[in-house]
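So in UniProt numbering, spot 111 of the sequence shown is number 111, and the numbers just go up one at a time.
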Amino acid sequence: MIELKTPQEIEAMKPAGRFVGGILRDLKEFTKVGTNLLEIDEFVHKRIVDRKGATSCYVDYAPDFGTGPFAHYICTSVNDAVLHGVPYDYNLKDGDLISLDLAINVDGWVGDSAISFVVGKDQDPEDLRLIKCTEEALEAGIAAAQPGNRLGDISSTVGDVAREYGYPINLDFGGHGVGHIMHGDPHVPNDGRAHHGYKLRPGLVIAIEPWFLKTTDEIYQDPKDGWTLKSEDGSRGAHSEHTIAITEDGPVILTVRD
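See below:
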């Protein structure tokens, strides 16, 4: 069921969004060549412990698309991994492309956001292009999230950006409603038909999350951890996400990073 938030509830969601956005901003500075994925996980764990009213949305999360409960505080997807990456004992190398996806509950409300970047100096222009595509698609999708538009306007706008860049689009996973829980209605696919679908109304809070792979739209679940989603052909992926609220005055980004 799609739930609309009151203006007061949207205000109450902002601390969670700012908390998540601030952690991702700080992690981008913290994460270097040689940083271990488990260090990133512990960084988030400490921030949650130190914040009154904050709890992880990931620890013990056990949806039907994973294998058993998730046991970490952040998703760390490296290179050919693009979603649901489980942190493990791995030191990042120069040129690795990493996506960090983070959702935290603060005082009963969830913020959910993701960033991708390349660590070190050996930055492949094709990796940077892929990341830029997800960021531009996210920006365009947010701009389309105007009251009176349709859900398909967001999805088709995201898909149009991917097509302009020449990247294939997977529709298995996408954006979603956000509120007291991390994943709610409606589903926000990364492609769709403009002027179709649910009519956008003030009070709707959703996560828009473009993610693309360089040369395929096929993914598989890593059997070693039962969670991490990787490209079938080994090509790299990138992922950008914000939680936004639709208001009378247009979309408001809740997971701000500044």
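Ideal Cβ placement from N, Cα and C applies to all residues, glycine included.
Since this is a predicted model, take the numbers as computed values, not measurements.
Practice task
Over the uninterrupted alpha helix (DSSP H) stretch that includes residue 138, give me the two end residues.
Solution key: Looking up residue 138 in the sequence shown gives position 138. From DSSP, the alpha helix (DSSP H) with residue 138 extends over 125-143.
Practice task
Give me the Cα-Cα distance between residue 162 and residue 20, rounded to the nearest whole angstrom.
Solution key: The residue you call residue 162 lines up with position 162 of the sequence shown. The residue you call residue 20 lines up with position 20 of the sequence shown. The straight-line gap separating the alpha-carbon atoms of residue 162 and residue 20 is approximately 26 Å.
Handout entry: Rounded C-alpha distance that separates residue 37 from residue 31
Key = If you number the sequence shown from 1, residue 37 lands on position 37. If you number the sequence shown from 1, residue 31 lands on position 31. Cα-Cα distance, rounded: 9 Å.
Exercise for the section: Could you tell me which of 47, 7, 81 and 166 sits nearest to residue 236, measuring between CA atoms? Expected result: By one-based count along the sequence shown, residue 236 stands at place 236. If you compare the alpha carbons of 47, 7, 81 and 166 with that of residue 236, the shortest gap goes to 81.
Practice task
Give the C-beta separation of residue 59 and residue 73 to the nearest angstrom, bearing in mind that I take them to be a contact with Cβ-Cβ under 8 Å.
Solution key: Here residue 59 refers to the residue found at position 59 of the sequence shown. Here residue 73 refers to the residue found at position 73 of the sequence shown. Here residue 59 really is in contact with residue 73; their C-beta atoms are around 6 Å apart, less than 8 Å.
Handout entry: Residue from 185, 166, 248 and 51 whose Cα sits closest to the Cα of residue 202
Key = Locating residue 202 in the sequence shown gives position 202, counting from the first residue. Considering only alpha carbons, the answer is 248.
Problem - Option nearest residue 101 by Cα separation, candidates 250, 239 and 18 - result: Position 101 of the sequence shown, counted from the first residue, corresponds to residue 101. That would be 239, whose Cα lies nearest to the Cα of residue 101.
Practice task
Round the Cβ separation of residue 260 and residue 156 to the nearest angstrom and send it over; I've been treating them as touching at under 8 Å.
Solution key: Residue 260 lies beyond the residue range present for the chain, which begins at 1 and ends at 258; the question has no answer from this structure.
Problem - Same chain only: Cβ atoms within 7 Å of residue 57, ignoring 5 sequence neighbours per side - result: In the sequence shown, counting from the first residue as 1, residue 57 sits at position 57. So the list reads 103, 104, 105, 110 and 182, once near-sequence residues are dropped.
Handout entry: Beta-ladder partner(s) of residue 244, from DSSP
Key = For the purposes of this step, residue 244 is taken as the residue at position 244 of the sequence shown. Answer is 206 and 253.
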